[in-house]
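Participant: Numbering of the sequence shown is given in the working numbering, commencing with residue 1 and proceeding in unit increments.
Even for Gly, the Cβ is constructed at its ideal location relative to N, Cα and C.
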Amino acid sequence: MIYQGNAITVARGLKDGSDAIATLTFDLKDESVNTLSSAVVAELGKAVSAIRAERGLEGLMICSAKEAFIVGADINEFQDMFAQGADQIESLLERVHGIFNAIEDLPFPTVSAINGLALGGGCEITLATDFRVMAESAKIGLPETKLGILPGWGGCVRLPRIIGADNAIEWIAGGSENRADAALRMGAVDAVVPGEQLEAAANDILARARAGELDYQARRAEKTGPLGLGPIEQMMAFETAKGYVAGKAGPHYPAPIEAIKVIQKGAGESRARAQAIEAKAFAKLALSDVAFNLVGLFMNDQVVKKKGGQYEKQARPVKQAAVLGAGIMGGGIAYQSASKGTPILMKDIKTEAIELGLKEARKLFAKQVERGKFSTEQMAERLTNIRSTLSYGDFDHIDLVVEAVVENPEVKGKVLAEVEEAVGEEAILTTNTSTISITRLAENLKRPENFCGMHFFNPVHRMPLVEVIRGEKTGDAAVAATVSYARTMGKTPIVVNDCPGFLVNRVLFPYFGGFNFLLEKGADFQRIDKVMETFGWPMGPAYLLDVVGIDIAVHAGEVMAEGFPERLAQEGKSAVQLMFDNERLGQKNDKGFYAYEEDRKGKPKKVSDDDAYALVKQVVKEQKEFSDDDIIARMMVPLCLEAVRCLEDGIVGTVAEADMALIYGIGFPPFRGGALRYIDAMGVDAFVELAEGLAEELGPLYAPTDKLRQMASAGERFYPRQAKS
1 MIYQGNAITV ARGLKDGSDA IATLTFDLKD ESVNTLSSAV VAELGKAVSA IRAERGLEGL
61 MICSAKEAFI VGADINEFQD MFAQGADQIE SLLERVHGIF NAIEDLPFPT VSAINGLALG
121 GGCEITLATD FRVMAESAKI GLPETKLGIL PGWGGCVRLP RIIGADNAIE WIAGGSENRA
181 DAALRMGAVD AVVPGEQLEA AANDILARAR AGELDYQARR AEKTGPLGLG PIEQMMAFET
241 AKGYVAGKAG PHYPAPIEAI KVIQKGAGES RARAQAIEAK AFAKLALSDV AFNLVGLFMN
301 DQVVKKKGGQ YEKQARPVKQ AAVLGAGIMG GGIAYQSASK GTPILMKDIK TEAIELGLKE
361 ARKLFAKQVE RGKFSTEQMA ERLTNIRSTL SYGDFDHIDL VVEAVVENPE VKGKVLAEVE
421 EAVGEEAILT TNTSTISITR LAENLKRPEN FCGMHFFNPV HRMPLVEVIR GEKTGDAAVA
481 ATVSYARTMG KTPIVVNDCP GFLVNRVLFP YFGGFNFLLE KGADFQRIDK VMETFGWPMG
541 PAYLLDVVGI DIAVHAGEVM AEGFPERLAQ EGKSAVQLMF DNERLGQKND KGFYAYEEDR
601 KGKPKKVSDD DAYALVKQVV KEQKEFSDDD IIARMMVPLC LEAVRCLEDG IVGTVAEADM
661 ALIYGIGFPP FRGGALRYID AMGVDAFVEL AEGLAEELGP LYAPTDKLRQ MASAGERFYP
721 RQAKS
């Protein structure tokens with residue numbers, strides 16, 4: 001044994017008996033995956049020193065004993081590291097560069113045997129070796145830009161020199177995970193083999209390099225010298241890429257463009273100088289609000305996944321599901337279940353509705369075939385997971401039912417009572433409702449403990465969130481099974497308690513309340529949309545109402561006003577109500593706040609409509625000028641305050657779940673981290689002061705809670721203080 005640590009072992013010899021080869025194995029004790037924490041990186045430094053001191057070695061293989069190779073750096077350490085300031089960050093990166101460079105400079109050939117995921121730092125360590133062999137099922141990539149940073153352990157230096165600037169920009173700026181066949185095609189790896197042949201293939205490459213058949217020194221020269229591009233080639237590669245990437249990333253995500261600049265600045269430099277450029281840029285991004293929030297978002301996502309996993313351990317498996325109510329929503333749910341491998345029975349009382357649901361599912365499968373996600377054969381196989389029926393005859397073996405009929409409590413109550421008679425005693429019933437009380441819907445059920453809400457967001461195949469809503473009598477088994485099924489469907493379930501609007505709609509409708517106040521004061525709804533889109537929302541409130549459906553918004557608004565009259569009841573008719581009264585339902589009938597025309601791809605394109613302006617004019621009570629900051633405050637304060645109230649009322653369990661639900665459910669700008677992190681960024685005291693000023697003019701919708709005022713006075717935050725330097 002050359003070296004033995006908590007995460008790394010280095011031993012001489014291979015299965016074929018060769019003693020001249022050392023094998024460095026990553027196998028982090030008591031963990032399911034390998035990560036490159038600061039402790040593991042320190043071990044790696046000691047292991048490399050031991051390898052350099054060992055006599056008689058002629059090659060090194062780096063491999064993993066776990067299912068994944070290395071999933072990257074330990075992101076849990078990032079915010080503490082970022083808080084140390086730019087100089088300290090650069091110093092830390094230089095130390096890692098030194099270790100990776102020592103691997104690259106070993107006096108014999110080196111190879112990485114990539115058996116599973118090799119991401120971030122896990123990918124970068126493979127780039128430091130001379131050769132890379134990849135299992136067919138493995139994936140490789142540098143996803144750092146998704147965290148608001150860039151590859152900081154040599155990825156921006158080595159990858160362009162291995163696969164070319166264009167390909168490297170695509171990988172790094174896009175933050176993609178790349179399959180083995182793509183990696184081989186681009187030259188990122190030297191061979192792709194079945195997993196059981198990985199070690200033999202890596203050993204074969206080392207043998208060929210030792211025999212002089214493969215020139216590992218030439219490989220190193222390419223990586224340690226300047227990038228081989230002339231001035232005109234550089235300009236074409238980098239300037240064209242900047243324009244394209246800027247358009248894709250948008251103004252709020254600087255990391256992809258910064259990564260291109262780092263590759264460009266380092267192109268004509270030696271390894272040491274290019275790495276110094278990379279480290280400086282990494283430190284600059286690490287101190288940004290965007291990186292701080294995106295890393296926080298990643299950590300929140302881990303909290304949500306961990307909670308989901310805990311529920312899943314308690315759940316009875318859902319082997320056969322059913323959806324009641326076909327049509328677009330039912331078809332979307334059926335597609336999502338079938339595509340992820342859970343057979344589903346789709347029931348309706350009308351043949352035409354069944355046909356519409358099946359058509360929707362087939363359309364979604366066809367799109368996946370077009371994108372190369374499924375083959376035609378895979379699509380046909382998965383389509384057999386959907387069966388349709390007009391009766392309850394086959395429901396005795398269903399494990400979980402999703403009721404998705406019309407949003408009417410009487411109709412839903414009747415359908416749920418019917419299906420309860422048809423299923424077994426242990427079957428779980430769920431309702432896909434956005435507003436109706438779960439406790440109320442359970443009143444007519446014989447087994448209310450087996451019933452909960454399962455609120456999908458539209459369109460089902462795109463929106464990641466599922467709210468799992470616990471009613472007063474809902475049992476743990478129902479919640480666990482529903483969470484497990486949602487995760488099997490590829491969704492992110494968040495468990496919330498019952499109240500009008502549950503979590504997401506309860507928080508969203510005060511945002512629409514702020515919109516109504518602005519319209520009453522004469523603000524232009526198109527300008528409000530532009531301001532909020534610039535703020536980071538995927539669409540402004542008027543456009544969002546059109547997409548959701550004005551009729552749905554009116555119905556949900558009535559439920560919310562009844563539940564929270566002090567904050568959400570409105571005197572007189574709102575602009576949304578006037579749209580509804582005049583049969584302007586949004587995109588579904590091509591007119592709402594905007595009119596809609598088909599673009600060249602057949603998708604609805606919004607255009608300004610004088611009739612909509614005439615209707616909005618009827619609600620204007622006074623004409624007032626607003627700055628962009630005024631508009632943002634009047635829109636965001638009510639939303640954030642309602643998120644606070646949901647946390648205080650126990651509707652949602654943690655700040656992490658509250659923020660992730662808004663990001664996954666309604667597209668809260670991810671780079672801002674969520675509503676509660678947004679309050680933290682402003683400062684709780686500053687937010688309370690802003691809210692109190694607005695409440696004096698606009699009333700209870702803007703009034704901070706007593707507990708929030710206490711937090712402000714005590715200097716408290718929603719998240720622990722891991723502030724940027």
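#1: Based on the DSSP output, what are the partners of His455 in its beta bridges?
#2: Can you give me the start and stop residues for the beta strand (DSSP E) that Arg112 sits inside?
#3: Can you round the beta-carbon distance between Met635 and Met532 to whole angstroms, since I take them to be within the 8 angstroms contact cut?
#4: If you draw a straight line from the alpha carbon of Gly327 to that of Gly674, how long is it in whole angstroms?
#5: Mind checking which residues open and close the alpha helix (DSSP H) that includes Met636?
#6: Thinking C-beta only, is Phe626 closer than 9 angstroms to Lys521?
#7: Is the separation between the beta-carbon of Ala279 and that of Gly152 shorter than 9 angstroms?
#8: From the DSSP output, in three-state form, read off Ala723 for me.
#9: Below 8 angstroms on the Cβ atoms is my guess for Glu425 versus Arg447; work out the distance and round it to an integer in Å.
#10: Going by DSSP in three states, Asn497 sits in which element: helix, strand or coil?
#11: Please classify Glu43: is it buried, with 16 or more other beta-carbons within 10 angstroms of its beta-carbon, or exposed?
#12: Within the same chain, show all residues whose beta-carbon is closer than 7 angstroms to that of Asn293, passing over the 5 residues directly before and after it, in chain order.
#13: Taking Cβ to Cβ, would you say Val576 is nearer than 9 angstroms to Gly563?
#14: Please return the same chain residues whose Cβ sits closer than 7 angstroms to the Cβ of Gly56, not counting the five positions on each side in sequence.
#15: Roughly how many whole angstroms lie between the Cα atoms of His461 and Val547?
#16: May I have the straight-line CA-CA distance separating Asp797 from Ser608, to the nearest angstrom?
#17: Going by DSSP, what residues sit across from Pro604 in a beta bridge?
#18: Could you spell out the range, first to last residue, of the alpha helix (DSSP H) harbouring Ser38?
#19: To the nearest angstrom, how far is the alpha carbon of Thr224 from that of Arg271?
#20: Would you check if the distance between the CB atom of Val96 and the CB atom of Gly121 is smaller than 9 angstroms?
#21: Pick out whichever of Met489, Ala188, Ala65 has its Cα sitting closest to the Cα of Asn34.
#22: Express the C-alpha separation of Ser49 and Glu58 in angstroms, rounding to a whole number.
#23: What does DSSP give as the partner residue(s) for Arg132 in the beta ladder?
#24: Tell me, please, whether the segment 222-239 touches the segment 253-273 by the rule of three or more beta-carbon pairs shorter than 8 angstroms.
#25: Taking all protein chains shown into account, do 16 or more other C-beta atoms lie within 10 angstroms of the C-beta of Asp190, making it buried, or fewer, making it exposed?
#26: Using only the heavy atoms of the ligand FAD, determine whether one of them is closer than 8 angstroms to the beta carbon of Leu578.
#27: DSSP three-state label for Leu429, please.
#28: What does a CB cutoff of less than 7 angstroms around Asp181 pick up in its chain, not counting 5 residues either side in sequence?
#29: With 16 other CB atoms within 10 Å as the buried threshold, where does Ala723 fall?
#30: Following the continuous alpha helix (DSSP H) through Leu356, name the residue where it begins and the one where it ends.
#31: Go to Phe387, then tell me how far its beta strand (DSSP E) extends in each direction, as first and last residue.
#32: In this structure, how does DSSP classify Met61 when only helix, strand and coil are distinguished?
#33: Quick one: grab the DSSP three-state call for Leu345.
#34: What distance in whole Å lies between the Cβ atoms of Gly490 and Ile469, which are believed to be in contact at a cut-off of 8 angstroms?
#35: Assign Glu360 to buried or exposed, taking buried as 16 or more other Cβ atoms, counted over all protein chains shown, within 10 Å of its Cβ.
#36: How big is the Cα-Cα spacing for Phe509 and Leu694?
Facilitator: Looking at the coordinates:
#1: Glu467
#2: The amino acid at residue 112 is misidentified as Arg; the sequence shows Ser. Looking at the DSSP string, the run of the beta strand (DSSP E) that includes Ser112 is 110-114.
#3: 6 angstroms
#4: 33 angstroms
#5: 628-648
#6: yes
#7: yes
#8: Note on Ala723: pLDDT 43, under 50, position unreliable in the model; the coordinate value appears next. Three-state DSSP puts Ala723 in coil, outside helix and strand.
#9: 7 angstroms
#10: strand
#11: buried
#12: Phe671, Arg672, Gly673, Arg677
#13: no
#14: Ala20
#15: 16 angstroms
#16: The structure shown does not extend to residue 797, since the chain is modelled only from 1 through 725, so no value can be given for it.
#17: Glu598
#18: 38-53
#19: 5 angstroms
#20: yes
#21: Ala65
#22: 16 angstroms
#23: Ser112
#24: yes
#25: buried
#26: With respect to the ligand FAD, the structure offers nothing, as it holds no ligand at all.
#27: strand
#28: Val192
#29: Interpretation of Ala723 is limited by its pLDDT of 43, a score under 50 that renders its predicted location unreliable; no figure is taken from the coordinates.
#30: 351-370
#31: Residue identity check: residue 387 is Arg in the sequence provided, not Phe. From DSSP, the beta strand (DSSP E) with Arg387 extends over 386-389.
#32: strand
#33: strand
#34: That belief does not hold up - the Cβ atoms of Ile469 and Gly490 are roughly 20 angstroms apart, past 8 angstroms.
#35: buried
#36: 18 angstroms
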